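Chains as they are written, first to last, in my numbering: chain X, 1 to 207; chain F, 1001 to 1206.
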Amino acid sequence: MLKILGRKTSSNVMKVLWLCDELSIAYDREDVGGPFGKNDQADYLSKNPNGLVPTISDDGFELWESNAIVRYLAAKHGAGSSIWPDDPQTRASADRWMEWLSTTVGPNMVLIFRNLVRETDETRNMDEVALGIKNCTRWFGVLDELLAKNDYVTGSDFTVGDIPLGVHTRRWVELCPDQAGEMKNVLAWFERLKARPAYHHCLIPLE
Amino acid sequence: MIKIWGRPSSLNSIKVLWCLDELRLDYELELWGLGHSSLDDPAYLQLNPNQMVPTIADKGFILWESHAIVRYLAAKYGFDALYPADLQVRANADKWMEWMVQNIKYRLRAIFHDRYRPGSPDGGKKAAAKGLEEIGQWWDILNIHLSGSNFVAGDNFTMGDIPLGCAVYRYREMISERPEMPHLDAWYDRLAARPAYQRHVMQPLA
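So, in structure tokens, the structure goes:
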């Protein structure tokens, strides 16, 4: 049985849980990280020297970096599913949207999320939040234009390309409703994601 | 022939140029971005709405995001070599590409921009100092990993070595006082012996 190490409140763990449910991959999850700790202990560091979550163990094969985990599990279990496209160009397009999240929305959503959800009134940095919102508005605007013509990021089918973006879009809609409210196509795509049972991992309370 | 829009001074363009050369693919480079044609030109925006380089075209298929480009080219033209056929080896190569983006890239960029891009909105001296303070311990994670293999995913050079190979050259060029990392140095020496690395990566920083 696939073992997933990581707390379910982590955006990176959510990607993996979502993908597993989409492809009906059975797994066992253990809480690690955040208030649960263990990620700074020797046992965990021997599996993942970065001390971050998630890490998976697949019949003894250990892997970290959530996007690499998603692509590995999709390649292993997703043959024939539109989630892991067969066609090299569609697959590259899905891959591109996973990367795009890491380079554009991701670093800016962290500024918003960390400050508004995890910091206290004393430690919150509202300049960081403002910068994060400014940049996310630009990047989600790019996504909004794309989604005017497509139901999902690569076209008519849900793929792995929708997963990292889908995790962070819930945060965008909830934490920045004024800006997100202007993006009709992103909101329509968000409704499509919410209709997928596997997406429930991304809808738990933010913490 | 693959077409690439980018510039040889861009780390992300270098990853793709190096990859194209390792795969012995013919390509045409059109110079765009800093110092060349501007990325907010409508002709470029219709290819890549993000105003970033590189972008490629492969027989009309347009793709951007340098790591997605490297994985696409490797899968299509370097299957079972640059792109391992074994899913676990491939995942190991993939994870080090991700690791570069998550842990090395922004720290290195802060140092680089402070020196070579004055006025860029990257936090200036403070971000550069923080990046420099932290980056050594991250490189050491790779250093320790490389005590067990020649390249990041095992005995053979793969796509996993490309982003980090670009980053390590830049790091060494900018920072002469570095922590002792003998396995990282040995891996760097292996990369430096590759003609494609010499041609595209080992160039003056600008």
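Backbone N, C-alpha and C define an ideal beta-carbon position, used for all residues, glycine too. All of these numbers come straight from a predicted model, not from anything done at the bench.
Count the other C-beta atoms from every protein chain shown that fall within 10 angstroms of the C-beta of residue i, then say buried if there are 16 or more, exposed otherwise.
{"i": "G1033(F)", "result": "buried"}
{"i": "A92(X)", "result": "buried"}
{"i": "L1020(F)", "result": "buried"}
{"i": "K149(X)", "result": "exposed"}
{"i": "K1059(F)", "result": "exposed"}
{"i": "S1147(F)", "result": "exposed"}
{"i": "F158(X)", "result": "buried"}
Quick check on residue i: does DSSP put it in helix, strand or coil?
{"i": "T159(X)", "result": "coil"}
{"i": "G33(X)", "result": "coil"}
{"i": "I204(X)", "result": "coil"}
{"i": "L1025(F)", "result": "coil"}
{"i": "G1006(F)", "result": "strand"}
{"i": "E1030(F)", "result": "strand"}
{"i": "L19(X)", "result": "helix"}
{"i": "S1037(F)", "result": "strand"}
{"i": "K194(X)", "result": "helix"}
{"i": "I1144(F)", "result": "helix"}
{"i": "L5(X)", "result": "strand"}
Alpha carbon to alpha carbon, what distance is there between residue j and residue i?
{"i": "L1011(F)", "j": "D121(X)", "result": "39 Å"}
{"i": "M1001(F)", "j": "A195(X)", "result": "43 Å"}
{"i": "Y199(X)", "j": "Y1188(F)", "result": "42 Å"}
{"i": "D1140(F)", "j": "G181(X)", "result": "44 Å"}
{"i": "I83(X)", "j": "W1096(F)", "result": "23 Å"}
{"i": "Q1102(F)", "j": "G1124(F)", "result": "20 Å"}
{"i": "P1195(F)", "j": "R1024(F)", "result": "11 Å"}
{"i": "L63(X)", "j": "L143(X)", "result": "30 Å"}
{"i": "P1118(F)", "j": "Y1171(F)", "result": "18 Å"}
{"i": "V1168(F)", "j": "S1176(F)", "result": "12 Å"}
{"i": "P164(X)", "j": "R71(X)", "result": "12 Å"}
{"i": "T90(X)", "j": "K1105(F)", "result": "27 Å"}
{"i": "I970(F)", "j": "G132(X)", "result": "One cannot answer for residue 970(F) here, as it falls past the ends of chain F, which runs 1001 to 1206."}
{"i": "L146(X)", "j": "M1052(F)", "result": "17 Å"}
{"i": "F113(X)", "j": "N1156(F)", "result": "40 Å"}
{"i": "D1094(F)", "j": "E30(X)", "result": "24 Å"}
{"i": "G166(X)", "j": "A1043(F)", "result": "30 Å"}
{"i": "S66(X)", "j": "G6(X)", "result": "11 Å"}
{"i": "G33(X)", "j": "N39(X)", "result": "5 Å"}
{"i": "L203(X)", "j": "R170(X)", "result": "7 Å"}
{"i": "Y152(X)", "j": "M1(X)", "result": "31 Å"}
{"i": "Q1088(F)", "j": "W100(X)", "result": "24 Å"}
{"i": "C176(X)", "j": "K15(X)", "result": "21 Å"}
{"i": "M98(X)", "j": "N1048(F)", "result": "16 Å"}
{"i": "D1041(F)", "j": "N1050(F)", "result": "12 Å"}
{"i": "L172(X)", "j": "M183(X)", "result": "With the sequence shown as reference, residue 172(X) is identified as Trp, and Leu is not the correct amino acid for it. Rounded to the nearest angstrom, the two C-alpha atoms are 11 Å apart."}
{"i": "A1003(F)", "j": "S57(X)", "result": "The sequence as given places Lys at residue 1003(F); Ala does not occur at that position. Cα to Cα, the separation comes out at about 40 Å."}
{"i": "Y1197(F)", "j": "L1073(F)", "result": "17 Å"}
{"i": "N1150(F)", "j": "F36(X)", "result": "36 Å"}
{"i": "D1080(F)", "j": "D1086(F)", "result": "8 Å"}
Considering only residues of the same chain and omitting the five flanking positions on each side of residue i, which have a CB-CB separation below 7 Å?
{"i": "L45(X)", "result": "G51"}
{"i": "Y1077(F)", "result": "L1023, L1025"}
Between residue i and the rest of its own chain, which residues show a CB-CB distance below 6 Å, the 5 nearest in sequence each way excluded?
{"i": "L1031(F)", "result": "R1007"}
{"i": "K47(X)", "result": "T55, E62"}
{"i": "S1120(F)", "result": "H1113"}
{"i": "N135(X)", "result": "N108"}
{"i": "A74(X)", "result": "W84, V160"}
{"i": "L23(X)", "result": "H77, G78"}
{"i": "W139(X)", "result": "T104, V105"}
{"i": "N115(X)", "result": "R124, N125, E128, V129"}
{"i": "A1128(F)", "result": "A1110, I1111, D1114"}
{"i": "G1035(F)", "result": "none"}
Within a Cβ cutoff of 8 Å, which residues of the same chain sit near residue i, ignoring the five residues on either side of it in sequence?
{"i": "M1202(F)", "result": "Y1169, A1192"}
{"i": "V1070(F)", "result": "K1015, V1016, C1019, M1097, M1159, I1162, P1163"}
{"i": "E1134(F)", "result": "R1107"}
{"i": "S80(X)", "result": "Ser is not the amino acid found at residue 80(X); the sequence shown has Gly there. Counting only Cβ-Cβ distances below 8 Å, and skipping sequence neighbours, we find D86."}
{"i": "E119(X)", "result": "N125"}
{"i": "L1039(F)", "result": "W1032, G1033, L1045, N1048, Q1051, M1052, V1053"}
{"i": "G141(X)", "result": "M183"}
Sorry if obvious, but does the Cβ on residue i come closer than 7 Å to a heavy atom of the ligand SAH?
{"i": "H1113(F)", "result": "Absence of the ligand SAH from the depicted structure is noted, as is the absence of any ligand whatsoever, leaving it without description."}
Consider the Cβ of residue i: report whether some Cβ of chain B lies at a distance smaller than 8 Å.
{"i": "Q1088(F)", "result": "The chain inventory of the structure shown lacks chain B, comprising the protein chains X and F."}
Ordered list of alpha helix (DSSP H) runs contained in the segment 1148–1202 of chain F, each at least 4 residues: Runs of the alpha helix (DSSP H) inside the segment 1148–1202 of chain F: 1161–1174, 1182–1192, 1195–1200.
Can you list, in chain order, the stretches of the alpha helix (DSSP H) that have 4 or more residues and sit fully within the segment 27–98 of chain X? 42–47, 66–77
3-residue-minimum beta strand (DSSP E) runs that sit fully inside the segment 1052–1124 of chain F, ordered along the chain: 1055–1058, 1061–1064
In chain order, each alpha helix (DSSP H) run of at least 4 residues that lies wholly inside the segment 103–145 of chain X: 106–113
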